[in-house]
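So in our numbering the end of the sequence shown lands on 213, straight run, no missing numbers.
Positions of the beta carbon are idealized from the N, C-alpha and C atoms, including for glycine.
Note that the coordinates shown come from a computational prediction; the quantities given were computed from them, not determined experimentally.
Working notes, structure below.
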Amino acid sequence: MATESHRTASHRVDITTWYLELLSPDDVRPAWSDRPELTVIQAELPCPELSRFLYASVGGDWHWRDRLPWSYARWQAYLQQPTVQTWVAYLRGTPAGYVELHHQPEERNSVELAYFGLLKPFLGQGIGKHLLSTGIQKAWDMGGDRVWVHTCSLDGPYALKNYEARGFKQYQQTHCTETLPLEPIGPWPGAYDDQLPEQPSPSRERSPGI
Numbered sequence: 004m005a006t007e008s009h010r011t012a013s014h015r016v017d018i019t020t021w022y023l024e025l026l027s028p029d030d031v032r033p034a035w036s037d038r039p040e041l042t043v044i045q046a047e048l049p050c051p052e053l054s055r056f057l058y059a060s061v062g063g064d065w066h067w068r069d070r071l072p073w074s075y076a077r078w079q080a081y082l083q084q085p086t087v088q089t090w091v092a093y094l095r096g097t098p099a100g101y102v103e104l105h106h107q108p109e110e111r112n113s114v115e116l117a118y119f120g121l122l123k124p125f126l127g128q129g130i131g132k133h134l135l136s137t138g139i140q141k142a143w144d145m146g147g148d149r150v151w152v153h154t155c156s157l158d159g160p161y162a163l164k165n166y167e168a169r170g171f172k173q174y175q176q177t178h179c180t181e182t183l184p185l186e187p188i189g190p191w192p193g194a195y196d197d198q199l200p201e202q203p204s205p206s207r208e209r210s211p212g213i
């Protein structure tokens, strides 16, 4: 149970970052799920609400923070770029995770797996390998000559293994120290704070927009 002081406390953390790449589609070792209720669909229309939900929900437990302060306009401008694609995994109609691709012609005509991961309830079900395999396939379809990704010691414990199992090879490793909260923020501020009393939902005569 988190206290206010615990939520705001911070500490210094040593972080290792691994950079990995694929140089040919022939190097890919895909792994597919046979679950018919699992689908991966491109979010073709730029939608800041969706992308921010995915970013915060997937990354909240792994200290993803860079995009949390982004304004609506900044999200919209980023997502409208023709070099950016978002692919969402759905399990029985519920978002389970996503992969965001960014084509970088100026960087050796590369495609970066900019963000990839699953929402917490869907970990450990074999969805990640299927989503990653799909993301890699779609990355090559964008016309790049190289697919790359980076992951760090703050990410999920199986992230690096999953990338390497799909054929990625390490080409660089860096180390740094950062000041981070003692606990990740979670999918939203206060998500894991059991001390706050439940507040009754305000009654509404009708839903917004109706």
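- Message: Using the Cβ count rule (16 or more neighbours within 10 Å means buried), how would you classify Trp21?
- Response: The sequence position of residue 21 within the sequence shown is 18, counting from 1. Flag for Trp21 reads buried.
- From Pro211 to Glu52, what distance separates their C-alpha atoms? Walking along the sequence shown from the start, residue 211 turns up at place 208. Walking along the sequence shown from the start, residue 52 turns up at place 49. For Pro211, the pLDDT reaches just 47, beneath the cut-off of 50, and the residue's location in the model is therefore unreliable, although a value from the coordinates is still provided. Each residue's alpha carbon lies about 16 Å from the other.
- Task: In angstroms with no decimal places, state the Cα-to-Cα distance between Cys179 and Thr137.
- Result: What you label residue 179 is simply residue 176 of the sequence shown in a count that begins at 1. What you label residue 137 is simply residue 134 of the sequence shown in a count that begins at 1. Those two C-alpha atoms are separated by around 31 Å.
- Is it the case that the Cβ atoms of His46 and Thr89 are separated by a distance below 8 Å? Taking the sequence shown and counting its residues from 1, the one referred to as residue 46 is at position 43. Taking the sequence shown and counting its residues from 1, the one referred to as residue 89 is at position 86. Reading off the sequence shown, one finds Ala at residue 46, where the question assumed His. Inclusion of Ala46 and Thr89 in the CB contact set at 8 Å is warranted, their separation being smaller than that value.
- Could you check the C-alpha separation between Gln128 and Gln84 for me, to the nearest Å? For the purposes of this step, residue 128 is taken as residue 125 along the sequence shown, with counting starting at 1. For the purposes of this step, residue 84 is taken as residue 81 along the sequence shown, with counting starting at 1. The alpha-carbon atoms of Gln128 and Gln84 are separated by roughly 33 Å.
- Task: Give the single residue among Ala194, Gly189, Asp197 whose Cα lies nearest to the Cα of Gly62.
- Result: Counted from its first residue, the sequence shown places residue 62 at position 59. Across the set Ala194, Gly189, Asp197, the C-alpha of Gly189 shows the shortest separation from the C-alpha of Gly62.
- Item | Supposed close pair Leu122, Gly100 - CB separation, criterion 8 Å | On the sequence shown, residue 122 is found 119 positions in, with the first residue counted as 1. On the sequence shown, residue 100 is found 97 positions in, with the first residue counted as 1. Contact between Leu122 and Gly100 holds: CB atoms are separated by about 6 Å, below the 8 Å threshold.
- Message: Helix, strand or coil, according to DSSP, for Arg77 in the structure here?
- Response: On the sequence shown, residue 77 is found 74 positions in, with the first residue counted as 1. Of the three classes helix, strand and coil, the one that applies to Arg77 here is helix, per DSSP.
- Task: Return the residue from the list Asn165, Trp151, Thr97, Arg70 that minimises the CA-CA distance to Leu104.
- Result: For the purposes of this step, residue 104 is identified with residue 101 of the sequence shown, where counting begins at 1. The residue with the shortest Cα to Cα distance from Leu104 is Trp151.
- For Arg207, does the count of other Cβ atoms within 10 angstroms reach 16, so buried, or fall short, so exposed? Mapped onto the sequence shown, residue 207 falls at position 204. Note that Arg207 scores a pLDDT of 48, beneath 50, so its modelled location is shaky; the value from the coordinates is reported in the next line. With fewer than 16 other Cβ atoms inside 10 Å of its own Cβ, Arg207 counts as exposed.
- For Tyr166, does the count of other Cβ atoms within 10 angstroms reach 16, so buried, or fall short, so exposed? Residue 166 sits at position 163 when you count from the first residue of the sequence shown. Buried.
- Given a cut-off of 8 Å, decide if Tyr118 and Tyr58 are closer than it, judged by their beta-carbon atoms. On the sequence shown, residue 58 is found 55 positions in, with the first residue counted as 1. On the sequence shown, residue 118 is found 115 positions in, with the first residue counted as 1. Annotated as proximal: Tyr58 and Tyr118, with beta-carbon spacing under 8 Å.
- Message: Looking at the strands, I want to know which residues DSSP matches up with Asp17.
- Response: The residue given as residue 17 occupies position 14 in the sequence shown. Looking at the DSSP assignment, Asp17 forms a beta bridge with Thr180.
- Query: Do Pro98 and Val87 come within 8 Å of each other at the CB atom, strictly closer than that value?
  - Reply: Position 84 of the sequence shown, counting from 1, holds the residue named residue 87. Position 95 of the sequence shown, counting from 1, holds the residue named residue 98. No. Outside cutoff.
- Message: Could you compute how far the alpha carbon of Ile213 sits from the alpha carbon of Ile44?
- Response: Working through the sequence shown from its first residue, we reach residue 213 at position 210. Working through the sequence shown from its first residue, we reach residue 44 at position 41. With a pLDDT of only 45 at Ile213, under 50, the local geometry of the prediction cannot be trusted, and the value read off the model is given with reservation. Each residue's Cα considered, the two are about 28 Å apart.
- Query: In angstroms, rounded to a whole number, what distance separates the CA positions of Val16 and His106?
  - Reply: Here residue 16 refers to the residue found at position 13 of the sequence shown. Here residue 106 refers to the residue found at position 103 of the sequence shown. So the two alpha carbons sit approximately 31 Å from each other.
- Which term fits Met4, buried or exposed, when burial requires 16 or more other beta carbons within 10 angstroms of its beta carbon? For this step, residue 4 is matched to residue 1 along the sequence shown. Confidence is the limiting factor: at Met4 the pLDDT is only 47, short of 50, which leaves the residue's position unreliable, though a coordinate-based value still follows. An exposed status is given to Met4, since fewer than 16 other beta-carbon atoms sit within 10 Å of its beta-carbon.
- Buried versus exposed call for Ala142 [16 or more other C-beta atoms within 10 Å across all chains shown]: The count along the sequence shown starts at 1 and reaches residue 142 at position 139. Classification of Ala142: buried, given that the 10 Å Cβ count is 16 or more.
- Message: Between Leu163 and Thr154, how many whole angstroms is the CB-CB distance? I'm expecting something under 8 Å.
- Response: What you label residue 163 is simply residue 160 of the sequence shown in a count that begins at 1. What you label residue 154 is simply residue 151 of the sequence shown in a count that begins at 1. Contact holds; Cβ gap of about 5 Å.
- Message: Restricting to runs no shorter than 4 residues, where is the alpha helix (DSSP H) found entirely within the region 44 to 92?
- Response: Listed in chain order, the complete alpha helix (DSSP H) runs (minimum 4 residues) inside the region 44 to 92 are 51 to 62, 75 to 82.
- Message: For a test of the three-state rule: what should DSSP assign to Tyr166, helix, strand or coil?
- Response: Counting from 1 along the sequence shown, the entry for residue 166 is found at position 163. DSSP places Tyr166 in helix when its eight states are reduced to three.
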